[in-house]
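Accompanying notes for the structure given below.
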Amino acid sequence: MSILLKNATYIDPYSLKFKQSHIEVEEGINGKISFHSKMPNKNKIENYKIIDCNGMFVTKSFAIAHHHAYSALSRGMPAPKKIPHNFLEILKYIWWNIDKKLDKDMIKASALVTALACAKNGVTFVIDHHASPNCINNSLEIIAEAFDQVGISHLLCYEISDRDGEEIAEKGLAEAKSYLENNQGLVGLHASFTVNNSTMKKAADLMCEFNSGIHIHVAEDLIDEIECEKLYGKRIIERLNDFSLLDSSKSILAHCIHLNDNERKIVEQSKAYIVQNTESNLNNKVGFFNSRGLGNNIMIGTDGMHSDILRSSKAAFFVGQEFDNISYLSAYERLRKVHKYLELNNFKGDEENNLVVIDYDTPTEFNSGNFLGHFIFGLESKQFRHVISSGELIVKDFKIQTVDENEILAFSKIQGNRLFKSLL
């Protein structure tokens, strides 16, 4: 059944023009929206699910360009047995320890609670980067099924790496191939310093075979560049370019903090997209993103920190006042760039019938002329009353409609406790 958003104020996500209208929202992955000045005739009303949006604002929902759903159960986890003192130790003693403990139930719980959080934060599409080296087979299907249950569209990949040995790397490649045979997705790589030439070549071949792209962490910490130069005699971007991994507009480079001028020039001239992850970078003390010389294909991710992309966009703006050339407008453009990425590459699930209804009781005038000021200083995800994903109402009056949230949270607590015990 189509949804009719009655008495809405629609905000065009790109021109930022405001329009008073009744909005018809079609169902389905390719559904459209249409605007009506008058309500349908009484005999047609029964064909719609009507939501009164009087005094509310409607705009396109959001997408996260780089996420790690597998980290969802880490909240409140026990302290690592050894306190890390640098980024490599953070990986070794925390994240590479956690991902080895994950099993099918933990992966499922992580994906479900991530999907719940995304929906409540107005996010209807997630580009995710998964790792579970001791539970690789079918892991992406588990995540996809969980996201689908809640109503979150997705672009998934498995994090292929040689850090756990050749056998695990081969399993990662096999999982990527198996998933891409039946789903839209990307070929995931952890980072240059944990992927040898043989594995990178196989990943590049897989990317070409399925006309896909690479999703990889790039120069998140200086150790990535140091190891690349030591092992391969070149910088990360030069290495990726040699494998033709930057030739696809589907390729995603996460972080890109420690790039030199030549690498920035290569990236700017490539087809690849970049994702900045400000809060994660702050948390790991790895440095600050700077867009200088990188071009305009910059998106924003949460890097598994949370699922509130609006919050991450504001963090990018505020931190960028000191370390980046970023304005109200460019912060908003980076938030929305992911939609251009998805559209350009014909990925499904982010069509125009993905919407958020904002219950924003603003104390000042809110219009096209001052939207960006409200975006930075006023709008918050707690104001997202209704969320529509591919024409389906997945959040109504702030409550999930597609699944039993309490049941999922009870399940996740059980799996979280299992994970915590395994870490002791």
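Everything in the sequence shown is counted per the working numbering, starting at 5 for the first residue and increasing by one.
Yeah, the Cβ is synthetic: ideal placement off N, Cα and C, and Gly gets one too.
{"Asked": "Bridge partners - C212, DSSP secondary structure assignment", "Found": "Looking at the DSSP assignment, C212 forms no beta bridge with any residue, so it has no partner."}
{"Asked": "For F151, the nearest candidate out of T118, S165, S136 and D168 (CA to CA)", "Found": "T118"}
{"Asked": "Assigned secondary structure, C161 (DSSP; H/G/I helix, E/B strand, else coil)", "Found": "strand"}
{"Asked": "First through last residue of the alpha helix (DSSP H) which encompasses L235", "Found": "L226 to Y236"}
{"Asked": "Boundaries of the alpha helix (DSSP H) in which Y183 is found, first to last residue", "Found": "E170 to L184"}
{"Asked": "Short Cβ contact (8 Å threshold) for A69 with I304", "Found": "yes"}
{"Asked": "Integer Cβ distance of I102 from S393, believed to fall under 8 Å", "Found": "No, I102 and S393 are not in contact; Cβ-Cβ is about 29 Å, not under 8 Å."}
{"Asked": "Cβ-Cβ separation, Y162 to G192 (assumed contact under 8 Å), whole Å", "Found": "5 Å"}
{"Asked": "Alpha helix (DSSP H) segments (min. 4 residues) lying fully within the region 324 to 388", "Found": "332 to 348 and 375 to 381"}
{"Asked": "Cβ distance (whole Å) where I55 is taken to contact K10 below 8 Å", "Found": "7 Å"}
{"Asked": "Endpoints, the alpha helix (DSSP H) within which T118 is located", "Found": "K108 to K124"}
{"Asked": "Where C122 falls, given that 16 or more other Cβ within 10 Å makes a residue buried", "Found": "buried"}
{"Asked": "For E149, the first and last residue of its enclosing alpha helix (DSSP H)", "Found": "S143 to V154"}
{"Asked": "Secondary structure, alpha helix (DSSP H): runs of 4+ residues fully inside the region 28 to 76", "Found": "46 to 49"}
{"Asked": "CA nearest to the CA of I418, picked from S114, F22 and N51", "Found": "S114"}
{"Asked": "Rounded separation between K275 and R243 - CA only", "Found": "16 Å"}
{"Asked": "Whether L159 touches Q188 by CB criterion (8 Å)", "Found": "yes"}
{"Asked": "When I33, C57 and F370 are compared against E435, the one with the closest alpha-carbon", "Found": "Residue coverage of the chain in this structure runs from 5 to 428, which leaves residue 435 outside it and unanswerable."}
{"Asked": "Among N358, P44 and V29, the one whose alpha carbon lies nearest that of I37", "Found": "V29"}
{"Asked": "Proximity of F129 and L314 at Cβ, strictly below 8 Å", "Found": "no"}
{"Asked": "Beta-carbon proximity of M309 to N287, cut-off 8 Å", "Found": "yes"}
{"Asked": "Within 8 Å, strictly: CB atoms of I240 and E224", "Found": "no"}
{"Asked": "Other residues of its chain near S2: CB distance less than 8 Å, five sequence neighbours each side excluded", "Found": "Beyond the ends of the chain as shown, which are 5 and 428, falls residue 2; an answer cannot be given."}
{"Asked": "Backbone CA spacing between F381 and K238 [nearest angstrom]", "Found": "43 Å"}
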